[in-house]
Every structure is written in C-alpha cells, then in structure tokens.
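There are 2 protein chains.
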Amino acid sequence: MAKGITTRAVDYSRWYTDVIAMAQLADYSPVKGCMVIRPHGYALWEQMRDALDRMFKETGHVNAYFPLFIPKSFLSREAEHVEGFAKECAVVTHSRLKKNPDENSPEKIIVDESSRLEEELVIRPTSETIIWAMYQKWIQSYRDLPILINQWANVVRWEMRTRLFLRTTEFLWQEGHTAHATPEEGEAETLKILEVYRQFAEDYMAIPVYVGIKTESEKFAGADRTYCIEAMMQDCKALQAGTSHNLGQNFAKAFDVTYQSEDGKRSYVWATSWGVSTRLIGAIIMTHSDDNGLVLPPAIAPIQIVLVPIWKDDTEKAKVMQMTTEITSDWKGRIRFTIDQRDNYRPGWKFNEWEKKGIPLRIEIGPREVENRQVVLASRDNGEKQILSIDGLTDKLVHELTVIQKRLYDKALEFRNSHTFLVNDYAEFKKRIEAPDGFFLAHWCGEAACEARLQEETKATIRCIPLNAPVESGKCLLCGKDSFRRVIMAKAY
Amino acid sequence: MAKGITTRAVDYSRWYTDVIAMAQLADYSPVKGCMVIRPHGYALWEQMRDALDRMFKETGHVNAYFPLFIPKSFLSREAEHVEGFAKECAVVTHSRLKKNPDENSPEKIIVDESSRLEEELVIRPTSETIIWAMYQKWIQSYRDLPILINQWANVVRWEMRTRLFLRTTEFLWQEGHTAHATPEEGEAETLKILEVYRQFAEDYMAIPVYVGIKTESEKFAGADRTYCIEAMMQDCKALQAGTSHNLGQNFAKAFDVTYQSEDGKRSYVWATSWGVSTRLIGAIIMTHSDDNGLVLPPAIAPIQIVLVPIWKDDTEKAKVMQMTTEITSDWKGRIRFTIDQRDNYRPGWKFNEWEKKGIPLRIEIGPREVENRQVVLASRDNGEKQILSIDGLTDKLVHELTVIQKRLYDKALEFRNSHTFLVNDYAEFKKRIEAPDGFFLAHWCGEAACEARLQEETKATIRCIPLNAPVESGKCLLCGKDSFRRVIMAKAY
Chain S
1 MAKGITTRAV DYSRWYTDVI AMAQLADYSP VKGCMVIRPH GYALWEQMRD ALDRMFKETG
61 HVNAYFPLFI PKSFLSREAE HVEGFAKECA VVTHSRLKKN PDENSPEKII VDESSRLEEE
121 LVIRPTSETI IWAMYQKWIQ SYRDLPILIN QWANVVRWEM RTRLFLRTTE FLWQEGHTAH
181 ATPEEGEAET LKILEVYRQF AEDYMAIPVY VGIKTESEKF AGADRTYCIE AMMQDCKALQ
241 AGTSHNLGQN FAKAFDVTYQ SEDGKRSYVW ATSWGVSTRL IGAIIMTHSD DNGLVLPPAI
301 APIQIVLVPI WKDDTEKAKV MQMTTEITSD WKGRIRFTID QRDNYRPGWK FNEWEKKGIP
361 LRIEIGPREV ENRQVVLASR DNGEKQILSI DGLTDKLVHE LTVIQKRLYD KALEFRNSHT
421 FLVNDYAEFK KRIEAPDGFF LAHWCGEAAC EARLQEETKA TIRCIPLNAP VESGKCLLCG
481 KDSFRRVIMA KAY
Chain F
1001 MAKGITTRAV DYSRWYTDVI AMAQLADYSP VKGCMVIRPH GYALWEQMRD ALDRMFKETG
1061 HVNAYFPLFI PKSFLSREAE HVEGFAKECA VVTHSRLKKN PDENSPEKII VDESSRLEEE
1121 LVIRPTSETI IWAMYQKWIQ SYRDLPILIN QWANVVRWEM RTRLFLRTTE FLWQEGHTAH
1181 ATPEEGEAET LKILEVYRQF AEDYMAIPVY VGIKTESEKF AGADRTYCIE AMMQDCKALQ
1241 AGTSHNLGQN FAKAFDVTYQ SEDGKRSYVW ATSWGVSTRL IGAIIMTHSD DNGLVLPPAI
1301 APIQIVLVPI WKDDTEKAKV MQMTTEITSD WKGRIRFTID QRDNYRPGWK FNEWEKKGIP
1361 LRIEIGPREV ENRQVVLASR DNGEKQILSI DGLTDKLVHE LTVIQKRLYD KALEFRNSHT
1421 FLVNDYAEFK KRIEAPDGFF LAHWCGEAAC EARLQEETKA TIRCIPLNAP VESGKCLLCG
1481 KDSFRRVIMA KAY
C-alpha cells in the first residue's frame, strides 16, 4: 500500500479521494461543491478534450461559444426542461456590491440592492435554451441546415452531495447542439455521436462501455430519446459516461425555429444535443487505478514516459544526462515525456511520486545503464521491470505504450464481463445488488411503476436498454409480466 | 464597397459591427451585454489560444482550472481589489427556481426564496482571490515555488455600454497567476510574460505594439505595477492588448501565503498575474480589415487558403476536383485550407463570402486552369491576382502566406508610426486628439492631478510610459512643470 492511499478493500470511497489527492488531480475549493482542477488533472482533461475535439471536427462539427447566462424566462419555455433543472440553478439577481454603511458590521461589503436585475439570470446548467434562441435567428432556409455546433464550457448544477469529478456544482464539459431538416438526420446524428463516445471511451480511455437507450424516466429533460454509454467501475457500480439526446422538435417548437424547404414549405427543425464532462476523469480513476494510486491509459496520459536520471556526482550526471538527451532526441511528436532532473529529491521519492500520478512508463538511467547502453523500464500498471538496450528504443517504447493501452482495456473488459450476470429472481437480485457484485441483465416489463419500485427497494436503476439486446421472452423481474428483452440494472454514481 | 458593410469613412463604428456580422464572427445574444461567438470567430480564437498556450508552456507554465464562483468575503480581502471590481459584479444569491404559485401571473417560474445562499457568490471578474486562497493551501516551502499556473476561462464584468469583442459582460480570456520566492523573480516573470504578449501581438496578430508601464491610476486593482502592450487602431484610438501585473506581496498578505526558505525563515510570497482576452479579436479586426470586410493575418487565420473549384457540368467537375485533390495532397499539416464545393452557390457569391470572412488567399480552379496546369491566386489583403503553375505550388503558397503576414505587419507599423507624434503644446494636442488623428508622445510631470485633468478635458488617457523612452528634459503638457520623459497619450477603447 502506498503512503497516503487507503486501500480499496478498506474503504473504496476514501481510496478514490486519496488517489485524487496523491496524484494532485484536484483539490477541494473554499466554494461549496466546487473543486479546483490542478495542473496534472487539467493536463489529463486537455488530452481528453483534444482527442474528442478532433473526433468532432472529423465528423463535420465546429465549435462556438454561447453566453454563460440564461434569462429565467428562456429556461422556462420548454416545460419538461425547466422541470428537470429548476431545483439546481445558480441564480444571478444583482450586478453590484457596495461598502456596508454599517461600519460596525463584520460584513464589510454587501450586495447593492439598487442593482437588482429586471429579470434573473440562471447560470447555464446546459445550453439548449440559449442556443435555440440563437438558432431561431440563424435558421431560415434548408440551406442553413444542418447546424453542427459544439461548445466547450463550464456549467453549474447546484448539487447537494458532491464528489470530486463525479458530481460537482461547477464542471467542465462539451455540449453539442445540432439542427436538422428531417427526423432521420436527427436520429442519425444522435447515433453518430453515440458511436464517437463509444470509440473515445474504449480506444482512448480504455473503458469498455455498454451502449444503450435510457428509459423514459431516465431520459434528458426535454428529449424524445436519450442514448448513453455506461461503464462499470471497480466497485461494480455504473457510471454514465456520455449521453446523446434526440430532442425531436421540442426545442424548435419552444423557440419557434422553422425552416423553408426547397419546395417552399415551412417546418419545425429537428434537434439533437450530447455531452461528456470532467466526470469522465472519475471514470478513468475508478476503472484503472490501484492501491498504489492513479493508473493512466497511455492514449490520454499527459505524460506517457517519465525519465529519472540517477547520479551521485557531477561526472556521473554529465554522462547520464548525455545518454538521456541522446535517447529522447527523436521523441518529440511521438512520445509525451518529461525528464525529472530535480536535484532536491531522491530517485526513490521520484519513483513514488510518478507512480501515484499514474505515468504509464518510467525509465531509470544511472551510471550502470550508461555503461551498458541500456535502460530500466518499469510499467505502472503491472509493476514489471525490463532492461532494454537503447538500440531502436523509441520504436520499442511506442510499441510498449500500445501494449499497455490494450492491456488496460482487456483487463477492464474482463472485469466487466465477469461481473455482468443474467438474473431472473428478484430475491437473488436484491441480495446481490446490495454490495453490489455486478451489473444485472434482467427482464423488465417496460412499466414506470416497476422501475420506480426497483429504485425504491434496491437503490438500483435501469442503466439502459442495450441497443444490441437480443429478443428474448421472459418475465419482468419485479411484476412477472411478459418482457421481450433484458435491461441493465445496476447501482450508479 | 461590399454589400452589407458601411465604409470606414462613413461610419467607423458601424463598419466595425458590419465587418463582424458579415464575417459571422459573433452575434448579439438575448442576454444583455453578452455575445455569441460564432464558429468562424471561435475558430479564430482557437488559433490564438493555441499559439499563446504553446508560448506559455514553452516558458514553463501549466494550466489549471479554478471555480467560477468567488465568495463575496474573498473578493473583499484585498482592499484595492474589491474597490476595483465591486461595481461590476454578477452576484449569485439563490440556488433554486420554482413554479409560481400565482397561476394568473405571466411569470410561470420564480426564484425560490427559501434557497437564499448564506453567503453571496460573485462570478469571477478575475481570479486572484480564489487562486490565492488555494495557494495558501499549496505553498509551504521554497520547494513549492515557483508556481506558474495559467487558466483559460470565462469571466464576467457587468458593463453598462458593451461592444462586440471589445467590451462584453462575459468574455473569454487566459489569466496567469504565479507565485515566487523573491521580488526579483516576480518582476522577471512579469516582464517575461510582457515579452510573450509583445511577440504574440507582433508575430501572430501582425499588430505592432507599444510596450510600457501603466500610471498609478491606470494600474490593476491590487497590483504594485502594471505593464501593458498598447496597439493603435485604424481610427487612431488605442486598444490595450494585454497586461502583466507585478502584484508584489499584496495578495500573499491578504491571504496569508508564506513559505519557509532553505534556511528556515518564513516570508510572504511574491505574485504576478497577467491576461489577454477575446477583445484581441477586436484589435485584429480594427488593425487589418478594410471596407470589403475582415482581413486575417495568415498566422492565426483558421483557414489560410480557400479553394473554389469552378465547373459547368459533371465532366468539368470531375477534372477540376481531380486537380484540386492533386494540388492539396501535401497540404495537411502545412496549410489550413478548405475546399468550397457547395453546389447551391455560384463562384462569385463564394468569392464574396470568403472575402468578407478574411481568408488570406483564394485559389480559383476552373477547366482552363486544369488545361494549363495552373491556378488563379487572389490575395485578400491587397486584392491582387496572380497565375501560378501547379509545379512546386505548396512551397510557393507557404511562402506567399509569410509574405502576406509581413505585409500586414509592415502596413500596420507604417500606419502607427506615421500617426504617432511628438506634441508639446496643449492647445494643439486638444485640437488633434478630438478626432483623434494619432497617438501623442508628450511630457507629463507624473502628478495624478494632471492625468485626471487630461482625461476630463480631452477624454484621452495616458496609455503607458514606454519602457524604452529616452530620458529627455521637458515641461508637462498640462501644468508646465519639469518632466524627464514622454508618455503616450491617446483616446482608447
């Protein structure tokens, strides 16, 4: 066990926050429910953001930026939407502070009541309403469609119980908002993005996901259909890792957005929205990390290899640094790396620090390695060490990084598959979901009442109806009525 | 004159907003004072952000993210700081909305008064206070220094009179916040960033800048010294294009941030902060654009070359597209380009659209060009056309882009230099600053009273005391007292 990190067996929840603290990913801020994303955490987010951004651009999307503020009346236009967000809104009511005229008060500065706004502004919890107000201006004709806009932004949802990365009052995310001429195009876009999310989760974050559709009660407030990817954490709880919504014409109607087709007919526009957020960092932590700290997949690790040169005196240092420079000379653009030459820390301390920070590979170079023209290579994920000749080292390391990437994915997939069970008996399910010991594929009749009962009695939810679920006759786990396919039931973050 | 764009001679201010509208850089939002940055504007910002971000990282800085919200009491800790920002703060006071129990009211949704916050939160106008509250946790020893953190974020300052890009209630920016062991390091950092800003302005945005220090009355609220770069717009008004603040120990003292030195002594930490914002987009527009619309410097143009293939039928189209593909085959990674193959617009319409969007080079390829293995190349900035053989075209185009970059800079420099004047007579100054017809290098005694009088009587301000100003004896333009160097006086945005 690493110093400062509670083991998973002892306290999973403490382990999670310890890993974050020791890797310096984030810190609690003095603002209730808000966290600070520290440089290592932010560098990770930058890698994730850049990879996703490339994928969005390759599929024809462009970025834009819309206001942080949403007039209260806009949020109210789509009935289900405001219902979904009203209870967790940061509301701006004033625009000035002033000196407290009461000089004896400990409160030196107070809100200037004369600056009360005519209409309150809500900090965006999501931007459908402000964006569709703009689309109303921008869309006239079929020529203006499709609009394929994405936004990288901060959003605020006033959460009562918060957890670093997983649930914070303010978080960073991307939100795509598209407008289309036909429902078919809207549905195709929703599914295209779902596939982008699946690829990103599996190929970059090395997190296998179930792809499915949310039930009516779990869908986005204002959507016709919500698709999602769901991942299994090491404690067998589910984490929703991305959602793609088919909004139908709901927002087009709420904001009166119509277009004229080639044959002169006016119709409401079709919409989608989709997003992933910094909560994905929580998913990465809880999928790959271990009792020694963070483990990062090479594809998104801000630093893929750390080199720790080791010396006792200046003569050794010169030799060691010379070989370090030599072997890294062709890394730029191929490997993200850093050379830890800090004088005031010992090698062992450095090894430990980089281990906790989850850097996939560590290279040790001391005088003996220089002598033998070789390096010691240590893998973060399995702790193995190898000795490698420096001949053709760059290619070997690039290969090793892909090997690690695959190993992490395979391990996570193996874990998830071996913890996904068919279950047909409610009593058995109730017992096994307690801890929980997995995801459960169970029959469900489709009734909201059974879904509500499930949540009430077990705290589990229907995570999704898998898209590839085979047709299979069965009986609802709760009421015993006929069912034709299984859904995924699990406890969730 | 381009359709939809008022000429500069007729109405400079209208011209500015017309250029933005026609280039689709930004749009007014329904939220007072807030704008929407449209895809073309945001793509430009991404280019600027990425270039600056590289420069920050190359000089040892890392990114992080701090909360949007600042508790009111934090903002109040540094006396000058709160004084500077209190009058333009968006204040969050509640966390929930609810249905209006009065069903007859047109206001369906109202603020839930029971959700009143214990302490009001201010949307960050700048983040010194929240960041120094964190530095207080993070800094213990000299080993923790320096901290060289930058943040890319949105900030809010409640402005009464707003203008697209130049002054908006919400804007995007970067803010660097560094902590150092010694005042010398703090000053060196402040100047290092000032130099980064100068380079960015001149090498990327092609905007020549004066580098200087702000007067006491113009410095940042909470700084010991504020350095700045100042640019001249085409109407001879100044635009502050970046500021770098030496904060001394002001925030360290306000937030009690001390460190223990190697010899065990505790001292307050030294600080800097620095930032540039989306207002730089306004500077680009007003430095380079003309009556036909936007003109972008190639170094930051999101699209450097647009190719417009021209055809009458499918046979021609096939040939034209084949050559288009051929000549662009080695552009990826060297030239940012787009091929405008839209079927539903004519070439002339396309030329006009890309011209208004400021794309530096346009390539026209029709059947005749295919026949002759050549292309027509049109430069946005001077309107010149050339015919180029496709042999070695890529290198020629890359070179042409650098030529344009230099031409834009030289033109702006020539304009600025020919509109910067020495002035010794206040009556003459008052007359010439009216319109204004330039920047004025004038003697100033150093007294705040003269500075205040200058602003009151002429609406001009002292933009900065140039860093490289030679020592020169003279008399204050206003009071006639002794002065030893000239300062820059101008009207400003």
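Chains as they are written, first to last, in my numbering: chain S, 1 to 493; chain F, 1001 to 1493.
Using N, Cα and C, we set each Cβ at its ideal position, and we do this for glycine too.
Non-local C-beta neighbours of F/V1308 in its own chain, meaning closer than 6 Å and more than five positions away in sequence, comprise D1340, P1347, K1350 and E1364, ordered along the chain. Comparing alpha carbon positions, the residue from F/A1231, F/Y1028 and F/K1475 closest to F/F1484 is F/K1475. F/C1445 is a Cβ neighbour of F/D1482, given a cutoff of 8 Å. Rounded to whole angstroms, the separation of the alpha carbons of F/R1116 and F/C1464 is 44 Å.
Sequence-distant partners of F/M1055 (beyond 5 residues in either direction) whose C-beta falls short of 8 Å from its own C-beta, in its chain, are V1196, Q1199 and F1200. Between the alpha carbons of F/G1033 and F/L1164 lies a distance of about 9 Å.
For S/M489, the secondary structure class from DSSP, reduced to helix, strand or coil, is strand. What F/H1443 touches in chain S, judged by beta-carbon distance under 9 Å, is nothing: the nearest beta carbon there is about 37 Å away. Close CB contacts of S/A2 within its chain, under the 8 Å cut and outside five residues either way in sequence, are with M22, D291, N292, G293, N352, E355 and K356 (chain order).
For S/R38, the secondary structure class from DSSP, reduced to helix, strand or coil, is coil. Just so you know, the alpha carbons of F/E1262 and F/Y1142 end up roughly 7 Å apart.
Taking the CA atoms as reference points, S/R362 sits about 25 Å from F/P1146.
Relative to the Cα of F/R1014, the nearest Cα in the group F/E1058, F/I1285, F/E1400 and F/T1324 belongs to F/I1285. DSSP lists F/V1155 as the beta-bridge partner residues of F/F1171. In the DSSP secondary-structure assignment, F/R1380 is not bridged to any residue.
Listed by position along chain S, the residues whose Cβ is nearer than 9 Å to that of F/F1440 form an empty set, because the closest Cβ is around 35 Å away. By the criterion of at least three beta-carbon pairs nearer than 8 Å, the region 55-70 of chain S is in contact with the region 1034-1045 of chain F. Residues L377 of the same chain have their beta carbon placed closer than 6 Å to that of S/Q386, with the five preceding and five following residues left out of the count. Runs of the beta strand (DSSP E) lying entirely within the region 104-149 of chain S, each at least 3 residues long, are 109-111 and 116-123 in chain order. Every alpha helix (DSSP H) of 4 residues or more that sits fully in the region 1187-1258 of chain F is shown, in chain order, as 1250-1254. For F/L1025, no chain S residue has a C-beta closer than 7 Å to its own C-beta; the minimum C-beta separation is roughly 11 Å. For S/G348, the enclosing alpha helix (DSSP H) begins and ends at P347 to K356.
In terms of Cα proximity to F/E1120, the closest of F/V1091, F/G1060 and F/P1101 is F/V1091.
Not a single C-beta of chain F is nearer than 8 Å to the C-beta of S/S141. Comparing C-alpha distances from S/S105 to each of F/I1131, F/S1073 and F/S1114 shows the shortest one belongs to F/S1073. With at least 16 other beta carbons inside 10 angstroms of its own, F/P1360 counts as buried.
At least one CB atom of chain S sits nearer than 8 Å to the CB of F/W1158. Looking at the backbone, the Cα of F/H1245 and that of F/S1289 are separated by about 31 Å. Look at the region 1091-1104 of chain F: the residues with a C-beta under 9 Å from a C-beta of chain S are V1091, V1092, T1093, H1094, S1095, R1096, L1097, K1098 and K1099. Considered as a whole, the region 396-429 of chain S harbours 420-422 as its complete beta strand (DSSP E) runs of no fewer than 3 residues, in chain order. Chain-ordered listing is empty here: chain F has no CB closer than 9 Å to the CB of S/F165, the nearest sitting near 12 Å. F/G1333 sits exposed, since fewer than 16 C-beta atoms from the chains shown fall within 10 Å of its C-beta. Contact check between the region 1177-1186 of chain F and the region 1200-1210 of chain F: fewer than three CB pairs, one atom from each, fall below 8 Å, which does not count as touching. At a Cβ-Cβ threshold of 8 Å, S/F251 and S/W173 do not count as neighbours. Against chain S, a Cβ distance below 7 Å from F/K1087 picks out R96.
F/S1267 carries a strand assignment under DSSP once its states are collapsed to helix, strand and coil.
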